[in-house]
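K.L.:
There are 2 protein chains.
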Amino acid sequence: MDPGCTCELCELKELFFLNLNAENANLICSGKIEKTFSQGEVILKEGTMIQEFTYLKSGLVKLFRRDPSGREQIITIARPMDYVSLLSVFSGKLYNYSVSALEDSVTCNLKMEDIRTLANSNGKLAFNLLQKMSAIADTIILESLEIRKKNLKGRVAYLLIYFSRTIFFSEEFDLPLSRKEMADYVGMTTENVIRTLSEFRKDGILKIYGKTIQIANMDMLQSISDFG
Amino acid sequence: MDPGCTCELCELKELFFLNLNAENANLICSGKIEKTFSQGEVILKEGTMIQEFTYLKSGLVKLFRRDPSGREQIITIARPMDYVSLLSVFSGKLYNYSVSALEDSVTCNLKMEDIRTLANSNGKLAFNLLQKMSAIADTIILESLEIRKKNLKGRVAYLLIYFSRTIFFSEEFDLPLSRKEMADYVGMTTENVIRTLSEFRKDGILKIYGKTIQIANMDMLQSISDFG
DNA sequence: ATCACGATATGATAATTATCATGACATGAC
DNA sequence: GTCATGTCATGATAATTATCATATCGTGAT
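So the sequences go chain by chain: A and B. When the letters of the first sequence are read in order and numbered with this note's numbering, they come out as residues 466 to 693. When the letters of the second sequence are read in order and numbered with this note's numbering, they come out as residues 466 to 693.
(1) Alpha carbon to alpha carbon, what distance is there between D532/B and F692/A?
(2) Judging by CA-CA distance, which residue of I632/B, V526/B, L590/B, D603/B is the nearest neighbour of V571/B?
(3) Between the stretch 576-588 of chain B and chain A, which residues of the former have CB atoms less than 9 Å from a CB of the latter, in chain order?
(4) Between the C-alpha atoms of Y650/A and I659/A, what's the straight-line distance to the nearest angstrom?
(5) Buried or exposed for V554/B, please, with buried defined as at least 16 other CB atoms from any protein chain shown within 10 angstroms of its CB.
(6) Here's the rule: buried if 16 or more other CB atoms are within 10 angstroms of the residue's CB, otherwise exposed. What is L521/A?
(7) In terms of alpha-carbon separation, which member of L528/B, I493/B, P545/B lies closest to N561/B?
(8) Between Q504/B and D569/B, what straight-line distance do the alpha-carbon atoms span, to the nearest angstrom?
(9) Residues in the same chain with beta-carbon distance under 7 Å from S690/B, minus the five sequence neighbours each way, listed in chain order, please.
(10) Can you tell me whether DSSP reads E479/A as helix, strand or coil?
(11) Quick one: list the residues of chain A neighbouring L509/B, beta-carbon separation under 7 Å, in chain order.
(12) Which same chain residues, not among the five before or five after E506/B, have their C-beta less than 7 Å away from its C-beta?
(13) When we look at the beta-carbon of G669/A and count the other beta-carbons within 10 Å, is it buried (16 or more) or exposed?
(14) Could you tell me which chain A residues have their CB closer than 8 Å to the CB of Q679/B, listed as they occur along the chain?
(15) Check distances from the C-beta atoms of the stretch 641-673 of chain B to those of chain A and list, in chain order, the residues that come in under 8 Å.
(16) Enumerated in chain order, which unbroken segments of the beta strand (DSSP E) with a length of 3 residues or greater are wholly contained in the stretch 487-571 of chain A?
(17) Relative to the C-alpha of M546/A, which residue among S556/A, S523/A, T655/A, R613/A is closest?
(18) Would you say the stretch 492-501 of chain A touches the stretch 578-586 of chain A, given that touching needs at least three Cβ pairs under 8 Å?
(19) What residues match up with D639/A in a beta bridge as DSSP calls it?
(20) Pop quiz: A602/B and A600/A are said to be a contact at Cβ under 8 Å. What is the actual Cβ separation, rounded to whole angstroms?
(21) Can you pull the chain B residues whose beta carbon is under 9 Å from the beta carbon of N489/A, in chain order?
(22) Please report the straight-line C-alpha distance between T534/B and N574/A, rounded to a whole angstrom.
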C-alpha cells in the first residue's frame, strides 16, 4: 500500500494520507523520485521550468536569486518539514529563484502534474496545501520585513537568533552560511558582517570559533535584534 | 440566481462561478456584505480575529504593520482585483497586519467559514485560490527583496515606477501616499524621501506639483531604479 | 479672518554603512 | 611540500543615510 513512501516524519506524506484514499496515495508515492545533493550543489535553478514538486527530506538549503550584476540575494533558508517548492510553484511556469544545498541534502520529488490533478479533484488536499503555502509565505514576508527595518547590528543579531531558535534549536551551532552568504541574506557587505560579529565577540555576546558560534548572552543579543 | 453578486468585474465572483454550481454560488453571494470606508479609515486591524474573507471592490488600500516603537511599516498597496485578505487568512487565526483605505474604498466581505467549507469540498475552487495566493505572495516577496537591495534613490525610483505602471497606468498621477508613508514603505526617513524627490525634480526626472507627480524622464528613472 | 497643526522642504551635522586596501589563515590543486 | 584561491579579519577613508533644527506651505477648526 505504501511502496514508495517509506520515509518517517514526512509531513507531506501525512498530508496526502489524511486526504487521499489508498489508491491515490499510492499513485503519488510510486511516482516519487528521491535525489541526493552534496553541499554546494544546485537543486533548482532560477528560470527553469517547474515540473516537479520538491520536498526537502533531509539537509538544509538556501533559496536565493541573482540580480543582473551577479550578486546573490538569499530569500530564506529551509530545513526538512518546510516545503522547498513554494514561491511560484502554483502560480508560475518558471522558478523565479534558485535553491542550493547548504548541507548534504535529499529531496523527494513528485510530479507537479499529479499534485495538480489530485488537488483539483480533492478539496481537502488543496485546502491543506493552501494553508501550508499561506503559512510559509507569511513567514517569509514577515522575516523580510523584519530584516528590512533593522540596522546592521540588529540584522546580524536577528540572523543569529534565527539560526539558534529556528534552525538548530541550540545556543551553540555551526554557521551554515559563510560571512559572505550572511551578508547576502541580510543585505549588507561581507566586511560589515565580520566586523559586527567581531564586535559581538568583544562585547562578550558571542564566542566564535571559526564557523562555530556560541551565544553567550542571549538577552543582550535579543535586545540588539529588537532594538536595531 | 445571483441576488447578491451583481458587481461587474469581480474576479472573485468569476472564480466562484467557474467552480461552483448555482446553488453554492448563491450561498456565497447571498451571504456577502459590502462595507464602505472613507479615506484613512481602518479596514482590518492587526491582532484581531480573522472571520471574513475581504475582497477589495473599489478604491485603494495599504497593508501595514506597526512595530513596538509605533512606527508603521507598509507591506504593500492593493487595488481592486487583488485580494486584501491574503497573508495569514488561511494559515492563522489572527491578522498579523492592518489594512486602511488610501482612497474611499468598498470591500466585499464573505464569511470565512463559507469559503473554508466550499474549498474543502471543491478541489478546483481551492486550487484556484491556491494559485491566486501563491501569485500574490510571490509578488510581495519579490517586491520586498527588490526594495531591500536598493539604495535610497533606487527605492524612491522603484516606488514611483510601481505607482506609474502597476497602480495608475500613467506617467502622471497623484501620489496616494504622503512622503512619510512613502518612507514607511521603503524603509527610509521622511526627510530623505523629500530630498530624493527634490533631487529628481532638479535633475529634470520629475515634475512635482504637491501630490501630483509627472515622470518627465522615465528612462532615467528606470535606470536609477535598476542600478540603485 | 486667525490660529494650530501636520505635511513639505532644506540645511548642518552626526551616525551608519560601503568601499578600498592589506594581511593572516585555511584549504584544495598540483 | 608550494602555489593559488577564497574566506576571515581589521583599518582607513569615502559615501550614504539618519538626526536635529528650522522654515514654509496648506488645510481644517474656530
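All C-beta atoms in this analysis are idealised placements derived from N, C-alpha and C, irrespective of residue type, glycine included. None of these values were measured; they are calculated from a predicted model.
P.N.:
Considering the structure as presented:
(1) The residue labelled residue 692/A in the question sits at position 227 within the first sequence. The residue labelled residue 532/B in the question sits at position 67 within the second sequence. For F692/A and D532/B, the distance between alpha carbons rounds to 10 Å.
(2) Position 106 of the second sequence, counted from the first residue, corresponds to residue 571/B. Closest by alpha carbon: V526/B.
(3) R581, L583, A584, N585, S586, N587, G588
(4) Against the first sequence, residue 650/A aligns to sequence position 185. Against the first sequence, residue 659/A aligns to sequence position 194. Approximately 14 Å between the Cα atoms of the pair.
(5) By 1-based counting over the second sequence, the position of residue 554/B is 89. By the 10 Å Cβ count, V554/B comes out buried.
(6) For the purposes of this step, residue 521/A is taken as the residue at position 56 of the first sequence. Per the 10 Å Cβ criterion, buried.
(7) Locating residue 561/B in the second sequence gives position 96, counting from the first residue. With distances taken between Cα atoms, N561/B lies closest to L528/B.
(8) Against the second sequence, residue 504/B aligns to sequence position 39. Against the second sequence, residue 569/B aligns to sequence position 104. Approximately 5 Å, taken between the alpha carbons.
(9) Locating residue 690/B in the second sequence gives position 225, counting from the first residue. Only G619, A622, Y623, I626 meet the Cβ criterion.
(10) Taking the first sequence and counting its residues from 1, one reaches residue 479/A at position 14. Looking at E479/A - three-state DSSP - the assignment turns out to be helix.
(11) Position 44 of the second sequence, counting from 1, holds the residue named residue 509/B. Within chain A, no residue comes near L509/B; the closest Cβ sits about 15 Å away, beyond 7 Å.
(12) As a working mapping, residue 506/B is identified with position 41 in the second sequence. Answer for E506/B: S565, A566, listed in chain order.
(13) Position 204 of the first sequence, counting from 1, holds the residue named residue 669/A. Flag for G669/A reads exposed.
(14) In the second sequence, the residue the question calls residue 679/B occupies position 214. Within 8 Å Cβ-Cβ: nothing; Q679/B doesn't reach chain A, min ~28 Å.
(15) G652
(16) 498-502, 507-509, 517-523, 526-531, 537-543, 563-566
(17) Taking the first residue of the first sequence as position 1, residue 546/A is located at position 81. Answer by Cα proximity: S523/A.
(18) yes
(19) Your numbering for residue 639/A matches position 174 in the first sequence. Answer is T677/A.
(20) For the purposes of this step, residue 602/B is taken as the residue at position 137 of the second sequence. For the purposes of this step, residue 600/A is taken as the residue at position 135 of the first sequence. That belief does not hold up - the Cβ atoms of A602/B and A600/A are roughly 11 Å apart, past 8 Å.
(21) Taking the first sequence and counting its residues from 1, the one referred to as residue 489/A is at position 24. Those within 9 Å of N489/A in chain B number zero; the least Cβ separation is about 12 Å.
(22) Counting from one through the second sequence, the residue named residue 534/B turns up at place 69. Counting from one through the first sequence, the residue named residue 574/A turns up at place 109. Per the sequence shown, the amino acid found at residue 534/B is Ser instead of Thr. Near 44 Å, if we compare the C-alpha coordinates of N574/A and S534/B.
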